[in-house]
Amino acid sequence: MVTELTEKIKSSLKDAAKKLTGFKKRAFMAQVTIDYFNSSPRRAETELGWSRQAIATGLKELETGIICVDNYRARGRKKTEELLPNLEADIKSLVEMYSQADPKFQSTFAFTKISAREVREALKEEKGYRDEQLPSRQTIGDILNRMGYSLKKTQKIKPLKKIPETEAIFANVAQANQAADNQTKSLRISLDSKAKVKIGNLSREGKARYIEPLKADDHDSEWTAVLVPLGILDVRGERLSIYFGQSAETSDFVADCLELWWQENQAIYPGLEELVIDLDGGAATRSNRTQFIKRMVEFARKTQWQIRLIYYPPYHSKYNPIERCWAVLENYWNGAILDSIDAALNWASNMTWKGIKPLVHLVEGTYEKGVKVLAKELEQLQPFWQRSETLPKWDVTVLPS
C-alpha cells in the first residue's frame, strides 16, 4: 500500500475522476481509496478533495454488488409548473376564452390575444396568487409557449364581421363554461362539424415521408364519396369522438351523433345532471332551427339531463375548442391520399388529441334537408326550453321534464 502520493499522481487521479460519472466514478474513487488510503473515505477526501459520502457509497457498492441508480432528473431547478401544480390549469382557464385555432388548420398552435403580463396580473386578481409566489413575466411567457399558445397574431385569423352583442356573448360563454367546469354533476362538451372531406385520389396539399412521392390526380374534379365529419369533445376530460356522415349535415344528423356519443359514453359519467354544449350556431344547430330544438328536447327526456346550449358569437366559431381538434386532424392526414372511406376512418382513428386516440364511427343513412317542426307540435314543446332573457339566441336551456 502506498502511503504517500506525489502531487503529480494526485493530479492524475483527480483528472481521471472528473472524466467519469455515476457508478463508474464512485467505483473508481472507492478503488483508489482501498488501494491508497486504507479504505478511509475521510483520508481520500482530505488528500484528493472527493466527497466522502460518494466514496462511502462506492465502497458499499463494491462490497455488495448492488448499484445505486442515480436520479439525475430530480436534480437542478424544477419547472415552475412543478412547484405550483395548479398554475398551468389556472393559466389555461384564463386564456382559453381568448384563444382560437388557425382557421386554415395549417398550424396546431392556438393564437391568444392576451399577453404574459396580463396573464400574470389576472392570476393575482382572479386566482388569488400572491406576487411573490409567481414567476416573472418572461417565465409566464415560456409557460404559455410550452402550453402551445403563440402570442403573435396575424390578420388572417381576424374575424371579418362583429355584431354588437359579441363581447356580451363571449362574457356569457366564459361564465357558463366556468360554472360547468366547476360542477361535478355538469359536463361540458364542444360540438361542431368540419369541412366535407372528398374521397378519391386527391392531394390534400400536405407532405409525408415516402421513398417516392405519392401521385394524386392533377385536378381535384373527380371523387367517389363525400364524408361529413362531426366532432364531440369532452373539454375537461379531453376525450374526442368523430362521426363521419355520408349525407348532409342536418339537425337530425347532429342529434343522431349526439345520441351515439351518449350510448357509448354514458357509463363514464355516472350521476350527471347537466350537459353544457359549446356550439357555433351553424345552420344545423342554431337555436332557431326548430328541428334541432325538438331533437334536443327528445335527447333531454331520454337522458334525463338538463341541456344548456351555449353559442359562440357569429363569425367567431374558431374559438370553439373542437376547432383545435380539426387543426390536429388536418395536420395529421394532409400528406395522405384518402382514396377510400376506410382510409379516411383509419387515418382519423390514428391521430391523437392530447395523447389520446379518438373514437371514430361511420354513420349510415341519408339525411333530408329542410325538415321543420309544425307550429302546433312546436307549441307543445315550448314548456321544455327556456331562452336567456339577455341573450335569447345564444343561450338556451332545455329541460328534461
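In the UniProt record's numbering, the protein residues as written are 1 to 401.
Built from N, CA and C at the ideal position, the CB exists for glycine as well.
Reference residue i, options the options, closest by Cα
| i | options | result |
| --- | --- | --- |
| Gly282 | Pro314, Glu121, Glu167, Asn201 | Pro314 |
| Asp90 | Lys124, Ser115, Lys10 | Lys124 |
| Ser401 | Asp395, Gln386, Pro392, Phe292 | Gln386 |
| Asn38 | Gly49, Thr21, Val228, Leu59 | Leu59 |
| residue 406 | Gln304, Thr250, Leu233 | Summary: the structure shown does not reach residue 406, with the chain confined to residues 1 through 401, and so no result is reported for it. |
| Val396 | Leu275, His361, Lys196, Asn331 | Leu275 |
| Trp353 | Trp50, Glu389, Val235 | Val235 |
| Gln183 | Ser115, Glu377, Tyr269, Glu121 | Tyr269 |
| Leu144 | Thr166, Glu167, Val119 | Val119 |
| Leu94 | Phe23, Val173, Gln53, Ile163 | Val173 |
| Gly22 | Glu259, Glu330, Tyr243, Ala54 | Ala54 |
| Glu132 | Leu84, Ser115, Gly148 | Leu84 |
| Asn86 | Gly128, Ser51, Ser115, Glu61 | Gly128 |
| Thr57 | Lys162, Gln31, Glu47, Gly49 | Gln31 |
| Val197 | Gln178, Gln246, Ser241, Glu167 | Gln246 |
Residues that residue i bridges to, as DSSP identifies them
| i | result |
| --- | --- |
| Arg308 | Val276, Thr397 |
| Ala16 | Ala16 pairs with nothing; no bridge assigned. |
| His361 | Tyr243 |
| Gly128 | Looking at the DSSP assignment, Gly128 forms no beta bridge with any residue, so it has no partner. |
| Lys198 | Val226 |
| Asp192 | Gly231 |
| Trp385 | Val398 |
Sub-7 Å separation of residue i and residue j beta-carbons
| i | j | result |
| --- | --- | --- |
| Ala255 | Arg295 | yes |
| Leu272 | Leu187 | yes |
| Ala225 | Glu249 | no |
| Arg130 | Arg117 | no |
| Ser190 | Ile322 | yes |
| Val360 | Leu338 | no |
| Thr290 | Val373 | yes |
| Ser193 | Leu230 | yes |
| Ala17 | Lys25 | yes |
| Ala336 | Trp347 | yes |
| Asp252 | Tyr367 | yes |
| Phe244 | Leu362 | yes |
Status (buried if at least 16 other CB within 10 Å, exposed otherwise) for residue i
| i | result |
| --- | --- |
| Arg68 | At residue 68 the sequence reads Cys, which differs from the Arg that was named. So Cys68 ends up on the exposed side. |
| Asp35 | exposed |
| Ile9 | exposed |
| Thr33 | buried |
| Thr154 | Note that Thr154 scores a pLDDT of 48, beneath 50, so its modelled location is shaky; the value from the coordinates is reported in the next line. Thr154 comes out exposed. |
| Gly65 | exposed |
| Ala176 | buried |
| Ile356 | exposed |
| Lys376 | exposed |
| Ser221 | exposed |
| Leu20 | exposed |
Helix, strand or coil at residue i according to DSSP, with G and I counted as helix
| i | result |
| --- | --- |
| Leu338 | coil |
| Ala283 | coil |
| Lys153 | Since pLDDT at Lys153 reaches only 47, below the 50 mark, its modelled position is unreliable, and no value is offered. |
| Ala122 | helix |
| Val373 | coil |
| Gln138 | helix |
| Leu187 | strand |
| Asp256 | helix |
| Phe109 | Note on Phe109: pLDDT 49, under 50, position unreliable in the model; the coordinate value appears next. Phe109: coil per DSSP, three-state reduction. |
| Leu391 | coil |
| Trp50 | coil |
| Leu5 | coil |
| Ser11 | helix |
| Asp234 | strand |
| Gln133 | coil |
| Ile356 | strand |
| Arg324 | helix |
Beta carbon proximity, residue i to chain C, threshold 7 Å
| i | result |
| --- | --- |
| Ser247 | Chain labels in this structure do not include chain C; a single protein chain is all it has. |
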